[in-house]
Every structure is written in C-alpha cells, then in structure tokens.
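K.L.:
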Amino acid sequence: MILLASQSAARKSMLEAAGLSFRTSSSPLDEEAAKLRLRGEGPGARDLALRLAEAKALALGGSGLVIGADQTLERDDGTMLDKPASREDARAQLRALSGRTHYLHAAAAVVRDGETLWRGVETVALTMRPLGEAFLESYLDVEYEAIRWCVGGYRIEGPGVQLFSRIEGSHFAILGLPLLPLLAFLRETGALPA
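Be aware that the sequence shown starts at 3, since it is given in our numbering, and climbs by one per residue.
(1) Spatial neighbours of P195 within its chain, please: C-beta separation below 8 Å, excluding the five flanking residues on both sides.
(2) Just mark Q95 as buried or exposed, buried being the case when its beta carbon has 16 or more other beta carbons within 10 Å.
(3) Is the distance from the Cβ of D72 to the Cβ of A55 below 7 Å?
(4) Given 8 Å as the limit, is there contact between the stretch 169-189 and the stretch 107-121, that is, 3 or more CB pairs closer than that?
(5) Who are the near neighbours of G160 in its chain, counting only those whose CB is closer than 7 Å to its CB and skipping five residues on each side?
(6) Along the chain, which unbroken stretches of the alpha helix (DSSP H) at least 4 residues long are found entirely within the stretch 117-168?
(7) Can you tell me which of T103, A47, G64 and G63 puts its alpha carbon nearest to the alpha carbon of T81?
(8) Starting from the Cα of G66, find the closest Cα among A20, T118 and L165 and give me that residue.
(9) Can you tell me where the beta strand (DSSP E) holding E199 begins and where it ends?
(10) Would you mind stating whether K58 and S28 have Cβ atoms separated by less than 7 Å?
(11) Can you list, in chain order, the residues of its chain with a C-beta nearer than 6 Å to that of K85? Leave out the 5 residues immediately preceding and following it.
(12) Using a Cβ-Cβ cutoff of less than 6 Å, which residues in the same chain neighbour G162 once the five nearest sequence positions on both sides are dropped?
(13) Helix, strand or coil for L179 per DSSP?
This is the structure in structure tokens:
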C-alpha cells in the first residue's frame, strides 16, 4: 500500500492520473516548527525541500510506502520565500519576483518502517515578466483567495501563468512533485509494474 503524506489536491491528482493506487493522510509534522529548526541548520532551499519532504513522510510512518513532498521557492539572490501572510504580503512577493528569475524546488521522499528508501528533487527556473501595477491589482482581485497559501503568490495552473515570460523545467515539479523520478523509483521497487 502507498500512502501520500499530503492533502494537496495537485499532488493527489498527479498520482491518480499516473494510475497509482494510494491513500492520503496529513502528516502530523509541525511543518513551521520543522522549517524553522532546519533553516537554523543552514541548508539551502533545495536541501530544505528534501529534508522537509523526508520529515513529513517519517512523521506519518507506517509499514507501507509513505511519500512525503515539499517545495521551496528561492529568489535569484538565494533568499527563500514563505507563504504570504496577507494580500499585501502576496503583492510584495510578486513585486520582488517581477522581471526576475526564481527557482522552485520540488522534493519527494519515500520511506517505509522509519527508513528512507528514496529522495529526489527537481528544480524549475521561472522567469516572471515585469508586472504593471494595474495588472498586479486585477490579478490579486481575481486570484488572491486561490493563492493565499501559495509561496510566491501564484499558481501556474490558473491565471498565474500570465505572470511568466519563461519557464524551464518540469510542469509536474511546479505542481508539487518530481513525478517522473518518483514513478521510476516505484517501478524499481515493484510498487508499480515495470
């Protein structure tokens, strides 16, 4: 049995579309506390995503395969963004990303019986076009309720795609999983037919 330690609709949809049989459950990990602790240890954004994905899977535990996932967003200067605390914070994040390239790191880990069997991460480079103030306000009017929990203040599967001039990397990673490497691992272990 495969258990996804996430309630993300996008992750669930990707795995269902790929033909996996699995259940979902929220990880009991206090993500904010774990993130603060791990950031104190100094990992970069890519490693932080991997470590959080692994921590979520380990916290849920179980004898079957448990998939944990996480994403981090890194600005071109190396700083990381968190989920916006308000509409004003979302606006500030979008202004900071406007006209620049940032990096989204999507990580997953697979554990069983407290042992990590696999970890993987994919990075996507996203170049945001310069955003005008009128566009930014109309975008937030339409999208704020949908993006209020989204790091960076956007979701690519909605009108947020209009924010970008260039995207380099996996669409699956943008949605929350390094899906192709994860599926390859599941085939190697026999959890999926080869």
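Using N, Cα and C, we set each Cβ at its ideal position, and we do this for glycine too.
As the structure is a prediction and not an experimental result, all values here were calculated from the model.
P.N.:
The answer reads as follows:
(1) Once the five neighbours on either side are set aside, the close Cβ partners of P195 are R189.
(2) buried
(3) yes
(4) yes
(5) E145 and A148
(6) DSSP assignment within the stretch 117-168 yields the following whole alpha helix (DSSP H) runs of 4 residues or more, N-terminal first: 135-149.
(7) A47
(8) In terms of Cα proximity to G66, the closest of A20, T118 and L165 is T118.
(9) Examination of residue 199 is not possible in this model, given that the chain is present from 3 through 196 alone.
(10) no
(11) In chain order, W151 and V153 place their CB closer than 6 Å to the CB of K85, counting only its own chain and leaving out the 5 sequence neighbours on each side.
(12) So the qualifying residues of the chain are Y156.
(13) coil
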